[in-house]
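*Asks:* Reminder that position 267 of the sequence shown reads as 307 in my numbering, one-by-one numbering, no gaps.
Don't be surprised by glycine CBs; every beta carbon is placed ideally from N, CA and C.
All values reported here derive from a predicted model rather than from experimental measurement.
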Amino acid sequence: VGWALPTLPLKKFMTTIQTIYNNRAGLAESPVWDDAARCWYYIDIPKRQIHRHTLDNIHTEWQLQQNDANDPGALCICDDGSLMLALRAGLATFDPTTVAGEIAPSVFLAAPYDTTTMRFNDGGVDEFGRFWIGTLFAPKTSAGASLYCLDKGILSAIATPQNGWGVTTSNGWATSLDTQHMYHADTQAHCVYRYALNADKLPVSREIFYQTPNQAESQSQNIAYQGRPDGAAVDSAGNYWNAQFEGGQIIQFSPSGEILQRVMLPAKCPTMVSFGGDDLKTLLITTTGNRPLEELADYPANGFILTMTVEVAGLPTRRYKV
């Protein structure tokens, strides 16, 4: 697989792109749609916050205590209605009926890594109710991060540096509609991998699904820099939607890897996408606000939560089976 260069016209603002909450996030991530409560949850990593936004535009914010142990990296909804939080210190649960304000969730499972150099980053729930969570290796000097799977309280390392599947910045996790493959991106490497799954729905092999040149390579090839893969989601037709950090765009791929469309955004650094709304045809996009002043001037939506309407619905909410 070579560089995946743009072969289709960029569809800038092909649909109305709106903001749902007019407060700029530091780095919003991990949006999840709760079909029962008709709301989205997402986190703000540097501000150490959990947010909830309903279809009626009611916004709730919870503040984690300000210490490194509480850096949030991902969240999911459990089948009992609680939230699972992947914090730097480990995994914790949180009751979303808690009144807005400062919270201090208790970690029930300590982090399986050195918390001075790593934290959890990005994840999602598969069709079997397992919570998949990646990590981020902060020095970014090697592919020292891993992908873990939480299954009924047991956390297992799945893709690691030891088995040759390490990454530097874990992102883009999702599973294919036919349950035969799993996607996992290394943002630092500008690469989305696709893993073949066995009968137990665990990976047995890895191949490159999509890769873009970095900035230096783009300059040497005299092509526009496309960004690097961040968070993702799969729709009801099996298409893989990926946010391109620093690329200011969302790319929709077919299951075979063909680029179906590129949607340009008024935010340069989208971080993740999530399908929601009553018909699952609203795509919510989290973005990054901690960016240089000149970039904020060029991309006024940096740090805001964006939505757009799509033609193909997403998949129903998947909940972690406690």
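#1: Just to confirm before moving on: does the CB-CB distance between T357 and D75 stay below 8 Å?
#2: Have a look at A151, R78, A140 and flag the residue whose alpha-carbon is nearest the alpha-carbon of A132.
#3: Suppose you measure from the CA of D120 to the CA of A283; what does that come to, to the nearest Å?
#4: Could you give the residue range of the beta strand (DSSP E) that holds Q289?
#5: For D240, which three-state DSSP category applies?
#6: With DSSP collapsed to three states, give me the class of A273.
#7: So, are the CB atoms of Y339 and K308 less than 8 Å apart?
#8: Output the boundary residues of the beta strand (DSSP E) element that contains D74.
#9: Roughly how many whole angstroms lie between the Cα atoms of A341 and E298?
#10: Can you give me the C-alpha to C-alpha distance between V362 and Y188, rounded to a whole angstrom?
#11: Using a threshold of 8 Å, state whether the C-beta atoms of L127 and Y81 are closer than that.
#12: Decide if S186 is buried, meaning its Cβ has at least 16 other Cβ atoms within 10 Å, or exposed.
#13: Could you tell me the alpha carbon to alpha carbon distance between M54 and D226, rounded to whole angstroms?
#14: Under 8 Å, do Y235 and P243 count as touching if we go by C-beta distance?
#15: Could you compute how far the alpha carbon of Q202 sits from the alpha carbon of T156?
*Replies:* Looking at the atomic coordinates:
#1: Cβ distance < 8 Å, so T357 and D75 count as in contact.
#2: A151
#3: 30 Å
#4: Where Q289 is concerned, the enclosing beta strand (DSSP E) stretches over 289-293.
#5: Note: D240 maps to coil in three-state DSSP.
#6: strand
#7: yes
#8: Start and end: 68-74.
#9: 28 Å
#10: 16 Å
#11: 8 Å or more divides the Cβ of L127 from the Cβ of Y81.
#12: A buried status is given to S186, since no fewer than 16 other beta-carbon atoms sit within 10 Å of its beta-carbon.
#13: Bear in mind that the predicted position of M54 carries a pLDDT of just 46, short of 50, making it too unreliable to give a figure here.
#14: yes
#15: C-alpha separation (whole angstroms): 20 Å.
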